[in-house]
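Below you'll find the structure, written out as structure tokens, and then a few comments.
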Amino acid sequence: MICDSKTDAIRARQSAVRVDLRAVCASSLECAPHPSAPFVNVNCPAVLRLDTTLPAEGEPLSWFGTLGIRSFCGRQREEKDVIPGAFTYHRPSSVAEAVAILVSHGDEARPLSGGHSLIPMMKLRMAAPEHLVDLGGIADLKGITDDGSTITIRAMTTQHELIASDLLAQKLPIIRETALLIADPQIRYVGTLGGNVANGDPGNDMPALMQCLDAAYVLTGPDGERDVPARDFYEAAYFTALAPEEILTAVKIPVPPAGHGYAYEKLKRKVGDYATAAAAVVLTLDGGTVTFCSIALTNVSDTPLYAKEAGEILTGSTLDTATVARAVAAAEAITEPASDGRGPAEYRTKMAGVMLQKALSRAATRAAS
Amino acid sequence: MSDIEQIPVTMTVNGKKVQRFVEPRTLLIHFLREDLNITGPHIGCETSHCGACTVELNGMSVKSCTMFAVQADGAELTTIEGMANADGTLSALQEGFRQMHGLQCGFCTPGMILRAHTLLKENPNPTEEEIRMGISGNLCRCTGYQNIVKAIQYAAAKLNGTEFQEAAE
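Top to bottom, those sequences are chains L and P. Residues 1292 to 1660 in the numbering used here are what the first sequence lists, from first letter to last. Residues 8 to 176 in the numbering used here are what the second sequence lists, from first letter to last.
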């Protein structure tokens, strides 16, 4: 099968079809299929260098950030050195214009938000869109508004802007807490909420948080807008409810009651790493009894996980040890992590439980009783 | 590949307005180094981990290896080449790195200084913790960061007109 995008390659691998990535490679250097990567048959040295770190069946494809690629300082760039594939650049000034470009080019076009997921994939030629639709010129896609019961964050709002927002600090402080654990300062200046949730990378932190908060994503396409709950949006790694001609334009978050307790606990090996496991908790207490509890988990499955049962177990409890243990067990039971550099699957499941336990106790101390 | 469309980009780099035609796929770091011959920003990992390519763009620290030059159209950029004072003397940060031995091989230094520059603009009086988190997107393989932190503290003190007190080891 010929693949011309990373998502195609993943889909093909899921169905155990031999993947030919030549279509994404512009270089003409000769090479044979690599024995450690039998499903990849490529001509491009950029892709060849992936061989040793290609993930095993079922592992998430978050390896692309760990590769060393030679640099080209000190001499003129040559065609074979140019890292991303060629594309036509579009910079629309309105959402309608952007959607029209997506409609006219179909699968060959990709929207570009902050670019910190897409550009690394393009450098590896795992994504090679022929048309890149830069959303950076659409003023309408920025900003945070509050209508009292719902906070709407427009898609191109950066992590840095989320962290700096007084409105969010006051009404949804868990967003700031989570954003501060994403990547590093430089990336947070550029990376956006919309890109983080729309990309479908199970390592991203915001998707689980949005499930915890029961947010809805506004998807804008040629036929107008539709709202999709974050809890229904994710289908598999990099597969979401977003259609190729749609743009995720905003995230709508119901405001939790004043005095709610919250915590996002993330275990990671270093700054900039994806979570080994992470847990988001929002709860309310009344006289020491839990009146509401919502839980979601990051990077312990193909998709973010809304831990519905665990939240239900805790509702009505006093967060006593036995009930917390039952809820943690229920949350661990829905995890399906891959064994990778972050640890064996069993360890990552256990760490999801530990993160949940820590998040629950921190959320409880923050909640007004 | 002469059939690839070249599009014009205009930006202000270290106070000077520049205009060039680029292929849309040209990364900002390649544009700076090869089209403008501004080689202060370094190419380290080229995967947005190491921070050696950090420049200031419209008041933000960005990794220029993970941005297309066309995305920076109309922007104002500062690189290490634009950091010295107008009279050619070292800026407070440059002086701090020199006085506190904030560099050994120097490869990370242009990125470190540019990151610290933006950090101090946003937070003129950072704690040690805030400095460490502030430069967490910049890797240094020589110093162990101790002297980089001191260099930034030195610069903060100098910019604030206070006396720099080196913490006891």
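The beta carbon of each residue, even a glycine, is placed where N, CA and C say it ideally should be.
Count the other CB atoms, across all protein chains shown, that sit within 10 Å of the CB of residue i; report buried if there are 16 or more and exposed otherwise.
i, result
"L:Leu-1458", "exposed"
"L:Ser-1660", "exposed"
"L:Gly-1563", "buried"
"L:Phe-1378", "buried"
"P:Ser-71", "buried"
"L:Thr-1357", "Because L:Thr-1357 carries a pLDDT of 29, less than 50, the predicted location of this residue cannot be relied on, and no value is offered for it."
"P:Asn-92", "exposed"
"P:Phe-75", "buried"
"P:Ser-68", "buried"
"L:Lys-1543", "buried"
"L:Asn-1487", "buried"
"L:Ala-1569", "buried"
"P:Glu-135", "exposed"
"L:Ala-1387", "exposed"
"L:Thr-1580", "exposed"
"L:Gln-1502", "buried"
"L:Cys-1364", "Summary for L:Cys-1364: the model assigns pLDDT 33, below 50, so the residue's position carries little reliability; its value from the coordinates is reported in the next sentence. Looking at its Cβ environment, which holds fewer than 16 other Cβ atoms inside 10 Å, L:Cys-1364 is exposed."
Look up residue i in the DSSP assignment and say whether it is helix, strand or coil.
i, result
"P:Gln-111", "coil"
"L:Arg-1508", "This sequence places Tyr at residue 1508 of chain L; Arg is not what is there. The answer is strand: DSSP assigns L:Tyr-1508 an E or B state."
"L:Leu-1423", "strand"
"L:Ser-1404", "coil"
"P:Leu-64", "strand"
"P:Cys-147", "coil"
"P:Gln-26", "strand"
"L:Ile-1544", "strand"
"L:Met-1292", "With a pLDDT of 43 at L:Met-1292, under the threshold of 50, the modelled position of this residue cannot be trusted, and the question is left open."
"L:His-1551", "coil"
"L:Pro-1520", "strand"
Counting only beta-carbon separations shorter than 8 Å, does residue i have a partner in chain P?
i, result
"L:Pro-1476", "yes"
"L:Val-1481", "yes"
"L:Ile-1410", "yes"
"L:Gly-1485", "no"
"L:His-1407", "yes"
"L:Ala-1470", "no"
"L:Gly-1563", "yes"
"L:Leu-1358", "A caution first: L:Leu-1358 carries a pLDDT of 29, below 50, which makes its placement in the model unreliable, though a value can still be read off. So, interface residue."
"L:Phe-1378", "yes"
"L:Ile-1374", "yes"
So, does the CB of residue i fall closer than 8 Å to a CB anywhere in chain L?
i, result
"P:Leu-35", "no"
"P:Arg-148", "no"
"P:Glu-88", "no"
"P:Gly-113", "no"
"P:Glu-137", "no"
"P:Lys-70", "yes"
"P:His-108", "no"
"P:Pro-117", "no"
"P:Pro-31", "yes"
For the candidate residues the options, whose alpha-carbon lies nearest to that of residue i?
i, options, result
"P:Gly-81", "P:Thr-19, P:Cys-60, P:Thr-150", "P:Thr-19"
"L:Ala-1616", "L:Gly-1634, L:Ala-1636, L:Ala-1643", "L:Ala-1643"
"P:His-108", "P:Gly-144, P:Tyr-161, P:Thr-73, P:His-37", "P:Tyr-161"
"L:Met-1412", "L:Tyr-1480, L:Asp-1492, L:Ala-1549, L:Asp-1438", "L:Asp-1492"
"L:Val-1509", "L:Ala-1566, L:Tyr-1525, L:Ser-1384, L:Ala-1446", "L:Ala-1446"
"P:Leu-97", "P:Pro-15, P:Lys-23, P:Leu-166, P:Glu-170", "P:Leu-166"
"L:Leu-1610", "L:Arg-1639, L:Lys-1599, L:Asp-1577", "L:Asp-1577"
"P:Cys-115", "P:Leu-35, P:Cys-57, P:Gln-106", "P:Cys-57"
"P:Gln-106", "P:Gln-26, P:Ile-36, P:Leu-146, P:Glu-173", "P:Glu-173"
"L:Pro-1595", "L:Tyr-1529, L:Glu-1452, L:Pro-1513", "L:Tyr-1529"
"L:Gly-1515", "L:Gly-1406, L:Glu-1536, L:Leu-1588", "L:Glu-1536"
"L:Leu-1567", "L:Pro-1476, L:Leu-1423, L:Glu-1556", "Leu is not the amino acid found at residue 1567 of chain L; the sequence shown has Thr there. Nearest option by C-alpha distance: L:Glu-1556."
By the criterion of Cβ-Cβ separation under 7 Å, what are the contact partners of residue i in chain A?
i, result
"L:Asp-1425", "Given the protein chain composition of this structure (L and P), no chain A is represented."
Name the DSSP bridge partner or partners of residue i?
i, result
"L:Leu-1458", "Bridge partners of L:Leu-1458: none, in fact."
"L:Glu-1468", "Its beta-bridge partners do not exist; DSSP assigns none."
"L:Thr-1656", "For L:Thr-1656, which the question treats as bridged, DSSP gives no partner whatsoever."
"P:Cys-57", "Its beta-bridge partners do not exist; DSSP assigns none."
"L:Gly-1515", "L:Gly-1512"
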